[in-house]
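Protein chains in written order, with my numbering: chain D, 1 to 271; chain V, 1001 to 1545.
Ideal Cβ placement from N, Cα and C applies to all residues, glycine included.
Notes to accompany the following structure.
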Amino acid sequence: MRIPLSALIGLALTGTFLFVAIFTQWLAPYAIDDTTGGQWEGFSRMHLLGTDTIGRDILSRLIYGAQVTIFVALASSILAFSLGAFLGFFAATSGGWVDQILSRFVDLVMAVPSLIVALVILSVLPLNLTVLILVIGLLDSTRVFRLSRAVAVDITVMDYVEAAKLRGEKGTWIIFREILPNALSPLVAEFGLRFIFAVLFISTLSFLGLGIQPPLSDWGGMVKENKDGLIYGKSAAMLPAAAIAALAISVNLVADWILTRTSSLKGGRGG
Amino acid sequence: MADNILLQIKGLVIGATSYPPGEPPKEVTLVHGVDLTLKRGRVLGLIGESGAGKSTIGLSAMSYGRGGVRLTAGTIHLNGREIRLADARALRSLRGREVTYVSQSAAASFNPAKQIMEQVIETCLSHGLASKPEAEARAVALFRKLGLPSPETIGNRYPHQVSGGQLQRCMTAMALCPKPDLVIFDEPTTALDVTTQIDVLAAIKEAIRDTGVAALYITHDLAVVAQVADEIMVLRHGRMVELGETGQIIKAPVQDYTKALVSVRSLDHVEKAPAAPILQVQNVTARYRGTSFDVLKNVTVDLPAGQTLAVVGESGSGKSTLARAITGLLPPSQGRITFAGRTLSADLAGRSKDDLREVQMIYQMADTAMNPRQTVGTIIGRPLELYFNLKGAERDLRVQELLDHIEMGKGFAARYPAELSGGQKQRVCIARALAAKPKLIICDEVTSALDPLVADGILKLLLALQAETQMAYLFITHDLATVRAISDKIAVMFKGAVVRYGQKSDVLSPPYDDYTDLLLSSVPEMEQGWLESVIAHRKMESAGN
């Protein structure tokens, strides 16, 4: 099996991010809220990536931020996919009024920009990680619903699904054993994209002050804290922004590779 | 004599790169050194099963390799010029001027957004062979010759406004319009109904004769090519098996493979005596939801245990809809279906597990009837789990038994459908149906997507299984040779109604009703001159009326 260069780069970067997210406590040189230097110090041996607006070590905060950002994004993406894909497949196999009700409800939610919906909900509910994950996951699941329903509608008309119905299979078998394996390729590709949207969404919310709350750090919040430094030519805000970009690209390189791998699998769809 | 030769291919080798899943790409040879000579005004039939390389060789006559196929070695001389290594500009001036091509699916080859006339004369205009009025006059003359209705105005229609058979004739007109020296016909009648095929075939033959054009006629149906070709070349696995005059090939074939091809349609089946029915379809009328048109009209048929009822008709006659009504996928609006003494619920949801188990179905396209992500073992094993609660080793043992039953050996259970050949796929579908121990199997065109020899094997297997287990078959087909080979009773359907029904011997002996007569006389027979005699017979009849 030959792994293309782009996938290797993606795998290496994603692997590094995950490693950092898991072993945070051992990797970070300082605690998350230790004020160990002056405001916006440059790169030095003490602070490899400098310090932030109140003199905290940027490298340490980036490392802690990786954990929070990746955990929240991953949890909400998994929630979005489990819920969205299941309901999408359910709507496609049921058809009729079940499909109508679910699809129209999703259209309704999607008609309002998700950032606005999220801001309204988060301004009412207590701000903690669980609420954040639930809100992002539920909002994202509408997008996944649309995709998985469209993919599943194509699959439900195949003879093998009809054969399963004639055999007397229950809905869960048809969804999980007949449709899901054949819908996996587009869903995996979408997962890569949705994961990054989730990262950006959290960062946006944190930037607006409704996301991750201090003393926890996340990359979007760090951009916000340090944005004033840009005026004075300090790089502090650029570093978390670069981390977001690097994660986005590397996850998508991996997703692209999985997509080409799975779609050429043993005569699968598009193979 | 030498300048009489239009096309001469010598030692042609055609290769391609294949990409097997999970392995490095490898070079494969599709055609191994084929020689071919075609004189002006002659028709050469290329025949063989799928994968024999017949289309690939046909396309090489215009120095074209489809989808990554490369003409690796040998020479191709057309009109005395070597064209295998010709550059793109030379090929462009050659294709459409000296060689033209008629493809299998006219519906997929026409641009749906342009009028037919515009597309038919396009080649003439782009090569500067004629002015627009001249080209249009030529096209109208060809439409007339090909027997199209209202030849003056049919060119103004769009492709969807004419029937499939007419569109195929328009495509022939398109190929003949630039007055080429050679036309390549690639399975031009395969996608058509048998009653339509005969008209198209007659039109193509007459056009070839009148214009004196040479042709390569590619098909898998020996009886069809026997009507059109002067010579036939039999191909297999990219090699020539036999080459000869048409009469010699169909009457006195030399090679074993050719003999098998010629005798494939001679399978015969002795009909069983009438018996008490296991399946009774009574006055069934059905329509699709949201329409006001009955696709089944008052259909009444019955089928005894251990026997075969063949349902025959052209596409759109309602034969597959009948299967959907029996299985419960399309609840009938009127009528009753009884099976093994009990009335079946009209709706799928209302049927018991045993009702479902005892009626199994085999589909036309084995490719789409099996989940590509499940192994053969899962596909066959699932009915065992569901109906008989077999698990683990017990289930695997029974799966292997079933695989042995369908004459497939060990090692297949772990394979995926994509790793099987067309015939093997259909066998796995049969095994899946058998696993449920059914009393009735509905076979929906199960052999029509297969090569003749493979189809023959499937039919023999089905007959052997029936003799052993006393299953009843409802056999849906448009192929009358298959009907002869397998049925005990026959129902002929036309526009949703049964027009003729009874024991095989009664249905297939005169006097016929008009539709059955048309259907029976349209099945190509493997003898030269059959086409002319049928056409002459029909002209005489219509003159008499």
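Excluding the 5 residues preceding and the 5 following residue i in the sequence, name in chain order all residues of the same chain whose CB lies nearer than 8 angstroms to its CB.
i, result
"Thr35 of chain D", "Ile54, Gly55 and Arg56"
"Leu1440 of chain V", "Ile1278, Leu1279, Leu1303, Phe1339, Glu1358, Val1359, Gln1360, Met1471, Ala1472, Tyr1473 and Leu1474"
"Glu1385 of chain V", "Lys1391 and Arg1395"
"Asn1283 of chain V", "Asn1298, Val1299, Thr1300, Gln1334, Gly1335 and Arg1336"
"Lys1259 of chain V", "Pro1253"
With a threshold of 6 angstroms on Cβ separation, who are the neighbours of residue i within its own chain once the five nearest residues in sequence on each side are excluded?
i, result
"Ala1106 of chain V", "Leu1167, Gln1168 and Met1171"
"Cys1339 of chain V", "First, the amino acid is wrong: residue 1339 of chain V is Phe here, not Cys. Hits under 6 angstroms: Leu1279."
"Thr260 of chain D", "none"
"Ser1345 of chain V", "Arg1351"
"Ala1455 of chain V", "Thr1447"
"Tyr1387 of chain V", "Arg1357 and Ala1436"
"Pro1331 of chain V", "Ala1346 and Asp1347"
"Leu1078 of chain V", "Leu1007"
"Ile70 of chain D", "Ala21"
"Ser206 of chain D", "Ile212, Asp218, Gly220 and Gly221"
"Leu1071 of chain V", "Ile1014, Ser1060, Gly1065 and Arg1084"
"Leu247 of chain D", "Phe17"
"Arg269 of chain D", "In this prediction, Arg269 of chain D has a pLDDT of 36, which is less than 50 and means its spatial position is unreliable; nothing more can be read from the coordinates."
"Ala1431 of chain V", "Ile1380, Leu1402 and Ile1406"
Would you mind telling me which residues of chain D sit closer than 9 angstroms to residue i, beta carbon to beta carbon, in chain order?
i, result
"Met1370 of chain V", "Asp159, Tyr160 and Ala163"
"Lys1353 of chain V", "Gly168"
Leaving out five residues before and five after residue i in sequence, what residues of the same chain have Cβ atoms less than 7 angstroms from its Cβ?
i, result
"Leu11 of chain D", "Val254"
"Gly1068 of chain V", "Ala1016 and Thr1017"
"Glu1152 of chain V", "Val1140"
"Glu1525 of chain V", "Ala1223"
Name the chain V residues that come within less than 9 angstroms of residue i, Cβ to Cβ?
i, result
"Leu166 of chain D", "Thr1327, Gly1328, Leu1329, Leu1348, Leu1356, Val1359, Gln1360 and Met1361"
"Pro181 of chain D", "Asn1371, Pro1372, Arg1373 and Gln1374"
Taking residue i as the query, report the chain D residues whose CB atoms sit under 8 angstroms from its CB, ordered along the chain.
i, result
"Pro1383 of chain V", "Arg167"
"Leu1386 of chain V", "Arg167, Gly168 and Glu169"
Name the chain D residues that come within less than 7 angstroms of residue i, Cβ to Cβ?
i, result
"Met1550 of chain V", "One cannot answer for residue 1550 of chain V here, as it falls past the ends of chain V, which runs 1001 to 1545."
On a Cα-Cα basis, can you pick out the residue from the options that is closest to residue i?
i, options, result
"Ser114 of chain D", "D:Ser217, D:Ser141 and D:Ile22", "D:Ser141"
"Leu277 of chain D", "D:Thr130, D:Leu83, D:Arg146 and D:Ser94", "In the structure as shown, chain D starts at 1 and stops at 271, and residue 277 of chain D therefore has no counterpart that could be examined."
"Pro1112 of chain V", "V:Arg1157, V:Gly1128, V:Ser1131 and V:Met1493", "V:Arg1157"
"Glu1082 of chain V", "V:Ile1009, V:Leu1030, V:Thr1029 and V:Arg1070", "V:Ile1009"
"Val1399 of chain V", "V:Ile1380, V:Phe1388 and V:Tyr1416", "V:Ile1380"
"His1032 of chain V", "V:Val1013, V:Gly1041 and V:Thr1211", "V:Val1013"
"Cys1177 of chain V", "V:Leu1125, V:Gly1165 and V:Pro1510", "V:Leu1125"
"Ile1486 of chain V", "V:His1269, V:Ala1413, V:Asp1444 and V:Ala1207", "V:His1269"
"Arg1289 of chain V", "V:Thr1321, V:Gly1247 and V:Gly1011", "V:Thr1321"
"Gly1306 of chain V", "V:Ala1276, V:Gly1244 and V:Gly1155", "V:Ala1276"
"Leu74 of chain D", "D:Gly192, D:Pro215, D:Ala242 and D:Gly209", "D:Gly192"
"Met110 of chain D", "D:Leu139, D:Gly84 and D:Ser82", "D:Leu139"
"Tyr1515 of chain V", "V:Ser1421, V:Gly1313, V:Arg1484 and V:Ala1481", "V:Gly1313"
"Val1483 of chain V", "V:Ala1467, V:Val1376, V:Leu1508 and V:Arg1092", "V:Leu1508"
"Thr24 of chain D", "D:Arg45, D:Arg61 and D:Asp52", "D:Arg61"
"Gly1328 of chain V", "V:Ala1349, V:Ser1063 and V:Val1311", "V:Ala1349"
What residues of chain V sit near residue i, judged by a beta carbon separation below 8 angstroms?
i, result
"Glu178 of chain D", "Asn1371"
Is the shortest distance between the beta-carbon of residue i and the beta-carbons of chain B less than 7 angstroms?
i, result
"Ser1421 of chain V", "The structure shown has no chain B; the protein chains it does contain are D and V."
Can at least three beta-carbon pairs, one atom from the segment 1390 to 1410 of chain V and one from the segment 1345 to 1365 of chain V, be found at a separation below 8 angstroms? no
3 or more residues per run - each beta strand (DSSP E) lying fully within the segment 1294 to 1322 of chain V: 1296 to 1304 and 1308 to 1312
Runs of 4 residues minimum, wholly inside the segment 10 to 88 of chain D: which ones carry the alpha helix (DSSP H) assignment? 24 to 27
Using 8 angstroms as the threshold, is the segment 1037 to 1049 of chain V in touch with the segment 1200 to 1217 of chain V, meaning 3 or more CB pairs across them? yes
On the three-pair Cβ rule with 8 angstroms, is the segment 112 to 123 of chain D touching the segment 61 to 76 of chain D? no
Could you say if the segment 36 to 45 of chain D and the segment 229 to 248 of chain D meet the contact criterion of at least three C-beta pairs nearer than 8 angstroms? yes
Does the pairing of the segment 189 to 205 of chain D with the segment 1 to 8 of chain D give three or more beta-carbon distances under 8 angstroms? no
Touch check for the segment 1368 to 1380 of chain V and the segment 1423 to 1435 of chain V: three-plus C-beta pairs under 8 angstroms? yes
Pair every Cβ in the segment 126 to 141 of chain D with every Cβ in the segment 92 to 103 of chain D, then say whether three or more of these pairs are closer than 8 angstroms. no
Quick check: the segment 1495 to 1511 of chain V against the segment 1196 to 1206 of chain V, are there 3 or more CB pairs under 8 angstroms? no
Whole beta strand (DSSP E) runs in the segment 1447 to 1479 of chain V with 3 or more residues, listed along the chain? 1472 to 1477
Measuring CB atoms only, is the segment 1181 to 1191 of chain V touching the segment 1092 to 1101 of chain V, in the sense that at least three cross pairs come out at less than 8 angstroms? yes
Would you mind listing the alpha helix (DSSP H) stretches within the segment 189 to 262 of chain D that are 4+ residues and don't spill past its ends, in chain order? 219 to 226
For the segment 1057 to 1093 of chain V, which segments carrying the alpha helix (DSSP H) assignment without a break, of at least 4 residues, lie completely within its bounds, in sequence order? none
Report yes or no: do three or more beta-carbon pairs, one from the segment 1482 to 1501 of chain V and one from the segment 1313 to 1329 of chain V, lie closer than 8 angstroms? yes
Can you give, in chain order, each stretch of the alpha helix (DSSP H) that sits fully within the segment 1476 to 1513 of chain V and has at least 4 residues? 1480 to 1486 and 1504 to 1507
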